[in-house]
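Student:
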Amino acid sequence: MTKEEIIKAIWNELPNLTVNEARRIYETTLNVVKDRLSKGENVELRGFGNFIIRDKNPRIGRNPRTGEEAEISKRKVVTFRPSKIFREMVGNSE
Amino acid sequence: MTKADLVAEVSKLTDLTKKETETVIRTILGSITTALSEGDKVELRGFGSFRIRDRKARQGRNPKTGDMVSVPEKKVPFFKAGKELRSLVDYC
């Protein structure tokens with residue numbers, strides 16, 4: 016499934032919108048989520064899951080191609096913890 | 008940020024009513040959960056992708072009693088942040 020299919024689904028739910036409006040609203044929604052995450056804020060969407068910003072400590076890694084050691088700097092990463100409902104939906108699927 | 012905060016902000020930015028915005032957000036999230044529960048994956052450019060990961064069966068313990076229990080293999084939703092989101096999150 017891609018963005019265009021989600022936009023079509025939005026348009027199906029709100030047929031008074033044009034497809035372009037539905038696209039703009041989709042983009043706005045994702046941009047708001049991205050913006051909050053980039054400010055270091057968690058985004059908690061009940062029934063779906065939580066996007067959580069985690070701090071990773073620096074560590075020594077290896078370049079898998081050359082085997083050389085290199086320090087991987089301290090960084091922030093975004094992780095997703097799916098809600099119980101989402102996990103159950105996926106876990107019970109075949 | 009909670010779902011209610013997201014609805015309020017998107018509604019402000021798009022001139023949709025709160026009710027319409029709720030419908031939009033419910034539709035976006037519902038599309039993703041439905042796709043994964045049907046075994047499909049979802050790729051959202053600039054944001055990331057949602058797919059299913061298989062977890063192997065393992066021996067676990069009941070944390071309360073300490074008894075060994077076997078945890079069967081299962082499928083779990085997995086999100087991988089896209090390049091753009093990863094760099095946005097890291098440079099701040």
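Which chain is which? The protein sequence lines are H and B, in order. All you need for our numbering is the position in the first sequence, starting with 1, plus 15. All you need for our numbering is the position in the second sequence, starting with 1, plus 7. For every residue, glycine included, the Cβ atom is placed at its ideal position computed from N, Cα and C. Quantities reported herein were computed from a predicted structural model and do not represent experimental measurements.
Is G53(B) close to chain H, meaning its C-beta is less than 9 Å from at least one C-beta of that chain?
Tutor: yes
Student: Show which residues of chain H have a CB atom less than 9 Å away from the CB atom of L29(B).
Tutor: This sequence places Glu at residue 29(B); Leu is not what is there. Residues of chain H passing the Cβ test: none, with the nearest at roughly 10 Å.
Student: Could you tell me which chain H residues have their CB closer than 7 Å to the CB of K10(B), listed as they occur along the chain?
Tutor: L60 and R61
Student: Between D96(B) and V93(H), is the Cβ-Cβ spacing less than 9 Å?
Tutor: It is Val, not Asp, that sits at residue 96(B) in the sequence shown. Yes, these two residues count as a Cβ contact at 9 Å.
Student: Beta-carbon of V34(H) versus every beta-carbon of chain B: anything under 9 Å?
Tutor: no
Student: Just to confirm, is the Cβ distance from L92(B) to K49(H) under 9 Å?
Tutor: yes
Student: Answer yes or no: do T9(B) and S18(B) have a C-beta to C-beta separation smaller than 9 Å?
Tutor: no
Student: Comparing alpha-carbon positions, which option in I67(H), G82(H), N65(H) and I87(H) lies nearest I75(H)?
Tutor: I87(H)
Student: Since A64(B) meets chain H, which of its residues come closer than 8 Å, beta carbon to beta carbon?
Tutor: Simply none; closest approach about 13 Å.
Student: Can you check whether the CB of V49(B) is closer than 9 Å to the CB of I40(H)?
Tutor: no
Student: Per the DSSP calculation, P79(B) is bridged to which residue(s)?
Tutor: P79(B) pairs with nothing; no bridge assigned.
Student: Could you name the residues of the same chain whose beta carbon sits closer than 6 Å to that of C99(B), not counting the 5 residues immediately before and after it, in chain order?
Tutor: Since pLDDT at C99(B) reaches only 49, below the 50 mark, its modelled position is unreliable, and the value read off the structure follows with that caveat. In its chain, beyond the 5 residues on either side, no residue has a beta carbon closer than 6 Å to the beta carbon of C99(B).
Student: Between the Cα of K91(H) and those of A24(H), K54(H) and L32(H), spot the shortest distance and give me the residue it belongs to.
Tutor: K54(H)
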